[in-house]
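Encoded as structure tokens, the structure appears first; notes follow it.
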Amino acid sequence: MVQIALLCRLVRNHRQSLKGLIMKSVKFLKRFFVMALTFIALFLFFFWNSIGSFQKLVPVSISVKNKVCHVNFDDERIQLVSNKTDLKMIYFVTPTYPRPEQVPELTRLAHTLMHVPRIHWIVADDQPRCSEQVANILRRSGLPFTHISSPKPYTYNYPNYPRGVANRRVALSWLLANVNDGVLYFGDDDNTVDLQLFDEIRETKRVSMFPVGLIGGYGVSAPIVKNGKVVGFFDSWPGARKFPVDMAGFAINIEFLKPSATMPYIAGHEEDMFLVSLGVKLEDIEPLAENCSKVLVWHTKTLKYTKPTLKININQYDKELSPKYESFVNLLKEISRQGMAVLDAETGTKTLVIRDRKTYETLVGLN
Numbered sequence: 009m010v011q012i013a014l015l016c017r018l019v020r021n022h023r024q025s026l027k028g029l030i031m032k033s034v035k036f037l038k039r040f041f042v043m044a045l046t047f048i049a050l051f052l053f054f055f056w057n058s059i060g061s062f063q064k065l066v067p068v069s070i071s072v073k074n075k076v077c078h079v080n081f082d083d084e085r086i087q088l089v090s091n092k093t094d095l096k097m098i099y100f101v102t103p104t105y106p107r108p109e110q111v112p113e114l115t116r117l118a119h120t121l122m123h124v125p126r127i128h129w130i131v132a133d134d135q136p137r138c139s140e141q142v143a144n145i146l147r148r149s150g151l152p153f154t155h156i157s158s159p160k161p162y163t164y165n166y167p168n169y170p171r172g173v174a175n176r177r178v179a180l181s182w183l184l185a186n187v188n189d190g191v192l193y194f195g196d197d198d199n200t201v202d203l204q205l206f207d208e209i210r211e212t213k214r215v216s217m218f219p220v221g222l223i224g225g226y227g228v229s230a231p232i233v234k235n236g237k238v239v240g241f242f243d244s245w246p247g248a249r250k251f252p253v254d255m256a257g258f259a260i261n262i263e264f265l266k267p268s269a270t271m272p273y274i275a276g277h278e279e280d281m282f283l284v285s286l287g288v289k290l291e292d293i294e295p296l297a298e299n300c301s302k303v304l305v306w307h308t309k310t311l312k313y314t315k316p317t318l319k320i321n322i323n324q325y326d327k328e329l330s331p332k333y334e335s336f337v338n339l340l341k342e343i344s345r346q347g348m349a350v351l352d353a354e355t356g357t358k359t360l361v362i363r364d365r366k367t368y369e370t371l372v373g374l375n
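Each residue of the sequence shown is one higher than the last, beginning at 9 in the working numbering.
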């Protein structure tokens, strides 16, 4: 009888242990299921954001405070490329944003545009203030220009947001309000443009298109031309787009612009939906660059520069090293102004001075 009682107790204990194990397993599965759902929801959220679908589903405020910093209609280049007033004006729209590469890229582009007759440069800067650095480049170029502060809506402060849309939208608004004729062209600050392209797009009657090099998986994005007419497109990302082209691959006659002209905050679809908003048809497209057989513009990209922090007390340098090393102190201030480095008195990389293959922690070695 004792053995039977012990056996029954063992069975009960085993059942209780098994029941406890099952309960723990159920709890674990519930937690795992909740975590899996959370992970899937987060994945879909970021996936939708990356392709722009989330913006389609959720209405958001896109109001921003834009400011026209300065407009100059005078061509102040010392050596004018051409005085011909019968040439159609090109309005070259450049969206830009503050970063270490901004000043050198705008400088490089300015020296290209300085060779182009009858051109008005519209630079829309993605920051809430009128940048003096950008203004200096525009003034020094001697070009007619419009400088606009055009910050993006705070709603789009996330990775892979559609960069440059707010800039181009405000440029379009300015053009519609101030310009009646000419040719619109979107040229990013990191693009490389052959001067021949300007001669060709100047003759745009409605919408012209041409190849853009260094794009996507095909190395080029281009219209396909048959018997002088555009019949299709060669682009590595169809994206269900009617016009799978790059922003640098088309020009618009301003007389063809409409008040309805707009650009969506949907990454990858800005060009397509802008052209659709104009009511562009395939038969409207004028192929340039020898029937789209030549590349005259490239989507070059500067390698992203990681801004260093230098352990330098610039106020102390200014007091102790000027006027003897005034030029060097001014250089340090310049790299800080242009955003090439951060100067911090407390933290950062310790800087060294080099002379005769030796390094020094101060400028004493240069005395």
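Heads up, the beta-carbon is just placed ideally off N, CA and C, and yes, glycines get one too.
Residue pairing from DSSP places HIS155 in a beta bridge opposite HIS78, VAL131. Assigned with DSSP and collapsed to three states, ASP202 falls in coil, not helix or strand.
LEU203 sits close to HIS123, with the two beta carbons spaced by under 8 angstroms. Beta-bridge partners assigned by DSSP to LEU192: TYR99, ILE260. Counting only the Cα atoms, ARG176 lies some 11 angstroms from PRO170.
The beta carbons of GLY190 and LYS96 sit about 6 angstroms from each other, so the pair counts as a contact at 8 angstroms. With a threshold of 16 other beta carbon atoms within 10 Å, GLY227 falls short and is exposed. Here PHE251 is not bridged, per DSSP, to any residue. In this structure, the CA atom of SER268 is about 19 angstroms from the CA atom of TYR99. Comparing alpha carbon positions, the residue from VAL76, ARG85, GLU263 closest to THR212 is GLU263. One alpha carbon belongs to LYS289, the other to GLY221, and they sit about 24 angstroms apart. Between PRO246 and PRO219, the alpha-carbon positions lie close to 16 angstroms from each other. Going by DSSP, ASP326 is part of the alpha helix (DSSP H) stretching over 322-329. Cα atoms of ARG214 and THR154: separation of roughly 24 angstroms, rounded to the nearest angstrom. With respect to VAL305, VAL201 sits close: the two C-beta atoms are nearer than 8 angstroms. Under the three-state reduction of DSSP, ALA230 is assigned to strand. MET348 is not bridged by DSSP to any residue.
Of the residues assessed, ARG126 falls on the buried side of the cut-off, its CB having 16 or more other CB atoms within 10 angstroms. Counting the other Cβ atoms within 10 Å of the Cβ of ARG365 gives fewer than 16, which makes it exposed. Using a Cβ distance threshold of 8 angstroms, ALA353 and PRO316 do not count as a contacting pair. The Cβ atoms of THR104 and ASP133 lie closer than 8 angstroms to each other.
DSSP, read as helix, strand or coil, puts ARG39 in helix. Across the set ILE130, GLU291, LEU180, the C-alpha of ILE130 shows the shortest separation from the C-alpha of HIS78. Going by C-alpha positions, ARG210 is about 24 angstroms away from ILE223.
Around the beta carbon of PHE81, fewer than 16 other beta carbons lie within 10 angstroms, which makes this residue exposed.
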